[in-house]
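Below: one structure, written as structure tokens.
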Amino acid sequence: MPDDATLLPNERVAPSEHPLELRVLDGVQRGCRVGLKSGLYRVGSTERCDILLEGAAPGCLAFALYVGHGAMALEAIDEGVLLDGEAVVGLHALRQGQLIAVGEHRFVVGEAGAEWSDYAPALGSIGAEEEPAVPVAAVATEVAVEAPDMSEIAVSAVTQGTAVALRRALKRGGWLVAAVLVMGGATELIAATYATPRSVVAASAAPKPQPLEALVAAARDHAALKLVALPGKRWCLSGYVRTGQQRAELARAARRIEPALRIDVSADDELEQMAHDTLARFPQSGLEVASVRFGELTLSGHASGVAKLKRVTTALQDDSPGLRQIHAEATNVEAALQVLGELLAEAGLGDRVTARLDDERLLVEGRLDETQRSSWNAVRYQLEVRFGADLPLTESFAAAGAAPARQPSNGDVLLTVGGAVPYVMLRDGQKEGRRAAGGTP
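According to full-length UniProt numbering, the sequence shown holds residues 1 to 441 in order.
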């Protein structure tokens, strides 16, 4: 497996004030550009790919591009990948300006602020006069675009491999791990992989195509979508759909209308699966996935305390950045105390067990025999079912026949209060319903 020594000093990418982009030189998406940040990008014909290869065999994953801090790498997965005209297999360091070819498709990585002519050596026959600034299919207003068959449209992620797809890929091979070792940016790579979808964005002078608005309207039953204007008169289709299959079909239909459209759509079923995976790391949280609808996650149950709820929700947001909102509840300890009092009364333990709050915990004390202990266990079970197994509760029971605790001496009494219900105030602030030692009965 390659390591950091694979990248020679002259192969590292010098930090640039301009962001990098992958430029598409051929095909229907000719002239489109993908902005590159730290992370993983796929090129092929599967639904997980960031760039689709038109005409490629179904299920083809041609190559993966890894971008890290000061380094890039190309992973040739399918046969027929050429780097500067030479066939490559496996992982290779990549420099700006190198030509990547897969069949009739060609790509090059360059700075976003550079002219196409700056990469003339790599472009071969494409000169400045042939600069593919705007995709042929993106000239909108003067060309009538046939609206797609709306009955075929369902919605989700063709421009990004989701976290679920990534986990499956990790089970099939270790090339992602190799790329992490080459670039050294493991944290940024994983975070970028889980990030919201990236897609091909191309400059287009066309206004918002009317067929795209019709596409969004037709998907209202199973999607919440909107068109967002981007700089340079570009457009982004964003929002949520029910399933990943619906997202893929939507992406195909939208790209038939506007090949340069950016797609940032999340699927509820994938978000739900990622939420289940996250909650599996918190088995005692008392929370379960109830539903996910258009990016809003609803959790059932109660977390035992606000601090634990915050830890769980933060992990959910980190693992699934596509989530728009999380609905969950933390255990209300005061409410648990009130319910406990009712349950003790129903079990006939009201005069044997006392409960009070002690620094956001329930402290339960009393004297119980074996039969009463069984009744208490049933009460505690009911309490945990309602408020979660992590309910902060501490027991302090003595056997029913045990000798009573030593009464405090008269020197511990700070104040004696008489009347119909006499009691004493001890120096530690506790109250006891009795007379002081030596007092008048």
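From the three backbone atoms N, C-alpha and C, an ideal C-beta is built for every residue, glycine too.
Worksheet item: For I126, which residues of its own chain have a beta-carbon under 6 angstroms away from its beta-carbon, when the five flanking residues on both sides are left out?
Response: Here I126 scores only 41 on pLDDT, less than 50, and its place in the model should not be relied on; the value that follows carries that caveat. Taken in chain order, the list of residues that qualify is empty.
Item to complete: Taking the CB atoms as reference points, tell me whether S375 and G348 lie closer together than 8 angstroms.
Response: Against a cut-off of 8 angstroms, the Cβ pair of G348 and S375 comes out as a contact.
Item to complete: Could you check the C-alpha separation between T371 and G341 for me, to the nearest Å?
Response: Each residue's Cα considered, the two are about 19 angstroms apart.
Fill in: Residue range of the unbroken beta strand (DSSP E) whose run includes G68
61-68 is the span of the beta strand (DSSP E), which, as asked, contains G68.
Worksheet item: To the nearest whole angstrom, what separates the beta carbons of L368 and F397, a pair I think is in contact under 8 angstroms?
Response: 5 angstroms
Worksheet item: Taking L215 as the reference, which of V28, R247, A253 has the closest Cα?
Response: A253
Fill in: G174 - DSSP class collapsed to helix/strand/coil
Residue confidence for G174 is low, a pLDDT of 43 falling below 50, so the modelled location carries little weight and cannot support an answer.
Discussion item. Considering only the alpha carbon of each residue, which of L230, E395, R48, I100 lies closest to R247?
Written reply: R48
Item to complete: Measure the C-alpha to C-alpha separation of D268 and S291 and round it to an integer number of angstroms.
Response: 9 angstroms
Worksheet entry | Span separating the alpha-carbon of D264 from that of R234 | 13 angstroms
Worksheet item: What are the start and end residues of the alpha helix (DSSP H) that includes G244?
Response: 244-257
Worksheet item: L362 to V333, Cα distance in whole Å?
Response: 7 angstroms
Worksheet item: Can you give the beta carbon distance from L36 to E21, rounded, assuming they're within the 8 angstroms contact cut?
Response: 6 angstroms
Worksheet item: Does the beta-carbon distance from H105 to G232 come in below 8 angstroms?
Response: no
Fill in: Straight-line Cα distance separating T394 from Y66
52 angstroms
Practice prompt. Identify every residue that forms a DSSP beta bridge with Q325.
Written response: E296
Worksheet item: Along the chain, where does the alpha helix (DSSP H) that runs through L225 open and close?
Response: It is not in any alpha helix (DSSP H) - L225 instead sits in the beta strand (DSSP E) that spans 223-230.
Item to complete: Output the distance between the C-alpha atoms of A114 and A76, rounded to the nearest integer angstrom.
Response: 26 angstroms
Fill in: Separation of T313 from L323, as counted between CA atoms
Approximately 11 angstroms between the Cα atoms of the pair.
Practice prompt. State yes or no: is the C-beta of V379 within less than 8 angstroms of the C-beta of L344?
Written response: yes
Discussion item. Given a cut-off of 8 angstroms on the beta-carbon distance, is the pair V81 and F63 in contact?
Written reply: yes
Discussion item. Suppose the cutoff is 7 angstroms on Cβ atoms and the five residues either side in sequence are ignored; what does the same chain contact list for P58 look like?
Written reply: S45
Item to complete: Rank I326, A229, E270 by C-alpha distance to the C-alpha of Q245 and give the top, closest one.
Response: E270
Worksheet item: In terms of residues, what are the limits of the beta strand (DSSP E) holding A336?
Response: Element bounds for A336: not the beta strand (DSSP E) but the alpha helix (DSSP H), 333-346.
Worksheet item: Rounded to whole angstroms, how far is the Cβ of L297 from the Cβ of I326, which I believe are closer than 8 angstroms?
Response: Contact between L297 and I326 is confirmed by a C-beta separation of about 5 angstroms, below the 8 angstroms threshold.
Worksheet item: What do you get for K226, buried or exposed, if any count of 16 or more other CB atoms within 10 angstroms of its CB means buried?
Response: exposed
Item to complete: Whole angstroms is fine: what's the gap from Q430's alpha carbon to G366's?
Response: 16 angstroms
Worksheet item: By how many angstroms is the C-alpha of L316 removed from the C-alpha of L53?
Response: 33 angstroms
Worksheet item: Helix, strand or coil for R380 per DSSP?
Response: helix
Discussion item. Can you tell me where the alpha helix (DSSP H) holding T278 begins and where it ends?
Written reply: 268-279
Discussion item. Let me confirm a value: D221 is counted as buried when at least 16 other C-beta atoms fall within 10 Å, else exposed. Which label applies?
Written reply: Counting other Cβ atoms within 10 Å of its Cβ, D221 stays below 16 and is therefore classed as exposed.
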